[in-house]
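Chemist: This is the structure I want to talk about, given as structure tokens.
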Amino acid sequence: MTVEIVGSYPPITRLMTGFYSLDHAFINDRCDLGVPVGHCWELFGTSGLGKSTFTNSLAGIFATIQKKNIVLCDFEGFDPTSLKRILEGVGFSGKVNMIREAEDEEQVDKMVELLNEKEYCVAILDSVSAISPVGEQQGDTGEANMGRRA
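Here the numbering used here is used: position 115 in the sequence shown is 99, and no number is missing along the way.
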């Protein structure tokens, strides 16, 4: 049996975070270390584990390495003082563009739009489970909306 990959495949850029376990978690068969750039990740777990703190720290590290800014799309609320402390703690010096739109879907669209600009290199969406589709917000009581979030 033979596998043939047709078409051009872009090279994968990797960044070393300085977190030994994380940099080694993404090792490939050529022993390339570091976190792949240009990919979406999801961290999940129970409340209070430090997912947001870890994510904000990584965003600061990536943005510092890339010398760019951060886009933050937060649906549950955050403490700006804590965010600033976390980002300064990892050496980030730049701008965090906090997105606030009337509808959740508009916020995600704005986040993607900003992320496509050259001045931004990382986006944080916190928390996916808090997003409410327009149909769910405007629908009638008893209307079936299960699965729309997914």
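For each residue, glycine too, the CB sits at the ideal point set by N, CA and C.
Check Ala134 in the structure and name its three-state DSSP category.
Modeler: Residue placement at Ala134 cannot be trusted, given a pLDDT of 46 that sits under 50; the coordinates are not used to answer.
Chemist: Out of Thr48, Lys52, Leu109, Asn12, which has the shortest C-alpha to C-alpha gap to Ile83?
Modeler: Leu109
Chemist: Please say whether Gly22 and Met0 have beta carbons closer to each other than 8 Å?
Modeler: Met0 places its beta carbon 8 Å or farther from that of Gly22.
Chemist: With H, G and I counted as helix, E and B as strand and the rest as coil, what does DSSP make of Asp93?
Modeler: helix
Chemist: Consult DSSP for Pro(-5) and reduce its assignment to one of helix, strand or coil.
Modeler: coil
Chemist: Pull up the distance between the alpha-carbon of Leu56 and that of Ser(-8), whole angstroms please.
Modeler: 32 Å
Chemist: Out of Val74, Val106, Ile(-11), Thr(-14), point me to the one whose CA is closest to Gln50's CA.
Modeler: When each option's Cα is compared against that of Gln50, the closest is Val106.
Chemist: What span of residues does the alpha helix (DSSP H) with Leu17 cover, start to end?
Modeler: Segment: none, Leu17 is in no alpha helix (DSSP H) and carries neither H nor E.
Chemist: Excluding the 5 residues preceding and the 5 following Phe10 in the sequence, name in chain order all residues of the same chain whose CB lies nearer than 7 Å to its CB.
Modeler: Gly18, Val19, Pro20
Chemist: In chain order, what residues of the same chain have a beta carbon less than 7 Å from the beta carbon of Phe76, not counting five sequence neighbours either side?
Modeler: Gly44, Ala47, Thr48
Chemist: Cα-Cα, which of Val80, Glu90, Glu97 is closest to Ile54?
Modeler: Of Val80, Glu90, Glu97, the residue nearest in Cα terms is Val80.
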